[in-house]
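This report refers to the structure that appears directly beneath it.
In our numbering, the protein residues as written are 1121 to 1453.
What follows is the structure in C-alpha cells.
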C-alpha cells in the first residue's frame, strides 16, 4: 500500500471513530474541541478535515444524527413528550428542536408523529427497514387474514427464550426469538453511499478484505460471525451519506488500523428473526419484523444498533438464498 493511500485510510478511520462517538453521546453537548480530541486532530484543522472527508460540516452531521434519532423516538416512544425527546436527542430546548425539525422535514414534529404512528404503519402509510417507507402490498411478507401472534407465542423449554411463529403467504415459516445478548465486538469496513449499492458483490469484496486483514493478525476466522450494520434511515438520510458497516466479530482487545474500524454492539435484549430470502426481499423482511411482529410483541425498539447476522454466502447457495437473522434491539413497551 502506498504512503498516500495509508494516510487517507487513517483519516477515514478517525472520522468514522468520531461519528461513532457522536452517536453514543448524542444527548450531550458535543464541542469541536472534544470531537477533535476523539479524532486526534487539532481543533484548528479538524473541522476542515471532517468536511473534506464527509461532505458536510461537523455541526450539520451532529444536527442530522440528532434529528434522525428524534424521528425514531417520535414513532417508537409514544409516551414521551416532544420536549422530552428534544432534550434526549441533545437539543438545547423544544423551540430550537421545533425550528430545526420543520426546516428539515417541512412539517412539525407533532404532525410527523401523527402521520407516522405504528397504527398508520400497519395500514401501509409508513413502513420500511426502519419503519418509514411505503408499504408494498401483495408481497410475500404479509399476514394471513386470520393470523394471530398471541396464539403462536411460546417459551422455549431449552433456552427459556420467547419465540413467536409467523408465516409468509408462500407458507414459509418464520420464527422470531427474543434473546439476552452480551456485548459483541466487531471490526468493520464502512461504505458511505446509497444502501442499494451495497449489493452482494460489494458486500463480498468488503468481507473478503476483512477476512484477509483478520488472518494476517492470527484472528481465528472460523469462529467469526458476519454482521451488516445499517446506521441511517433510508427515507431520511441523503443517499450519498447512508452508512453501511460490513463487520466481523473479533476479540475485545483487538487493535485496528487504517480504514478498518472497531465498534461494540451493546449488550441487551434483541429479537432475532430468521429468514431465507432472495436479494430483492430484504425490505419486505424488515417490514414483516417492524410492521407485523413488533407492534404486537410487547416490545419497542431500544436505542442501539440494528443489524443483519449472516449465516451463509448466498453465492454458493443452490437457490442464491440469503440465510440470515434480522436482529432488532428491544425493550419493554
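Where is the CB? At the ideal position from N, CA and C, for every residue including glycine.
Because the structure is a prediction, the values reported are computed rather than measured.
Through-space distance from residue j to residue i, alpha-carbon basis
i	j	result
residue 1434	residue 1326	15 angstroms
residue 1426	residue 1447	6 angstroms
residue 1409	residue 1191	19 angstroms
residue 1372	residue 1332	19 angstroms
residue 1324	residue 1212	43 angstroms
residue 1204	residue 1436	49 angstroms
residue 1281	residue 1451	15 angstroms
residue 1175	residue 1163	18 angstroms
residue 1384	residue 1418	26 angstroms
residue 1438	residue 1432	12 angstroms
residue 1200	residue 1218	15 angstroms
residue 1315	residue 1414	23 angstroms
residue 1137	residue 1158	7 angstroms
residue 1440	residue 1398	7 angstroms
residue 1131	residue 1140	14 angstroms
residue 1286	residue 1403	17 angstroms
residue 1339	residue 1347	16 angstroms
residue 1401	residue 1357	21 angstroms
residue 1251	residue 1341	Confidence in residue 1251 is poor, its pLDDT being 31 and thus under 50, which makes the residue's placement unreliable; the coordinate value appears in the next sentence. Cα-Cα distance, rounded: 34 angstroms.
residue 1311	residue 1375	20 angstroms
residue 1226	residue 1320	36 angstroms
residue 1405	residue 1396	10 angstroms
residue 1231	residue 1224	13 angstroms
residue 1246	residue 1354	Confidence is the limiting factor: at residue 1246 the pLDDT is only 36, short of 50, which leaves the residue's position unreliable, though a coordinate-based value still follows. One C-alpha to the other measures close to 13 angstroms.
residue 1156	residue 1169	10 angstroms
residue 1416	residue 1151	41 angstroms
residue 1180	residue 1216	15 angstroms
residue 1318	residue 1173	20 angstroms
residue 1407	residue 1343	31 angstroms
residue 1350	residue 1292	26 angstroms
residue 1214	residue 1198	17 angstroms
residue 1361	residue 1305	24 angstroms
Whole-number beta carbon distance between residue j and residue i, since they are thought to touch under 8 angstroms
i	j	result
residue 1233	residue 1194	4 angstroms
residue 1363	residue 1352	6 angstroms
residue 1135	residue 1182	No, residue 1135 and residue 1182 are not in contact; Cβ-Cβ is about 13 angstroms, not under 8 angstroms.
residue 1313	residue 1133	About 18 angstroms; that fails the 8 angstroms criterion.
residue 1370	residue 1336	Actually they are not in contact, since the Cβ atoms of residue 1370 and residue 1336 sit about 13 angstroms apart, beyond 8 angstroms.
residue 1444	residue 1345	Between residue 1345 and residue 1444 the Cβ distance is about 11 angstroms, and since that is not below 8 angstroms, they are no contact.
residue 1177	residue 1165	Rounded, the Cβ-Cβ distance is 14 angstroms, inconsistent with contact.
Residue i at chain C interface by Cβ criterion, 8 angstroms
i	result
residue 1341	Looking for chain C here will not work: only one protein chain is present.
Neighbour-count burial assignment, residue i, 16 or more Cβ in a 10 Å radius
i	result
residue 1449	buried
residue 1196	buried
residue 1249	Residue confidence is low: residue 1249 scores 36 on pLDDT, short of 50, so the model does not pin down where it sits. Its coordinate-derived value is still stated next. By the neighbour-count rule (16 or more Cβ atoms within 10 Å), residue 1249 is buried.
residue 1442	buried
residue 1153	exposed
residue 1365	buried
residue 1278	exposed
residue 1244	Reliability fails at residue 1244, whose pLDDT of 33 lies under 50, so the model's placement of it is uncertain and the value that follows must be treated cautiously. Counting Cβ neighbours within 10 Å, residue 1244 comes out exposed, since fewer than 16 surround it.
residue 1359	exposed
residue 1412	buried
Residue i beta carbon near the ligand NAP (any heavy atom closer than 7 angstroms)
i	result
residue 1182	With respect to small molecules bound, the structure shown includes none, and the ligand NAP cannot be examined in it.
Beta-carbon proximity of residue i to residue j, cut-off 8 angstroms
i	j	result
residue 1309	residue 1328	no
residue 1160	residue 1379	no
residue 1171	residue 1295	no
residue 1457	residue 1209	No answer is possible for residue 1457: it lies beyond the span of the chain, which begins at 1121 and ends at 1453.
residue 1297	residue 1283	yes
residue 1202	residue 1229	yes
residue 1392	residue 1299	yes
Do three or more CB pairs link the stretch 1380-1392 to the stretch 1416-1423 at distances below 8 angstroms? As far as the Cβ criterion goes, the stretch 1380-1392 touches the stretch 1416-1423, which means the pair count is three or higher.
Tell me whether the stretch 1176-1189 and the stretch 1142-1158 touch, counting them as touching only if at least three CB pairs, one residue from each stretch, are closer than 8 angstroms. With the rule of 3 Cβ pairs closer than 8 angstroms, the stretch 1176-1189 counts as touching the stretch 1142-1158.
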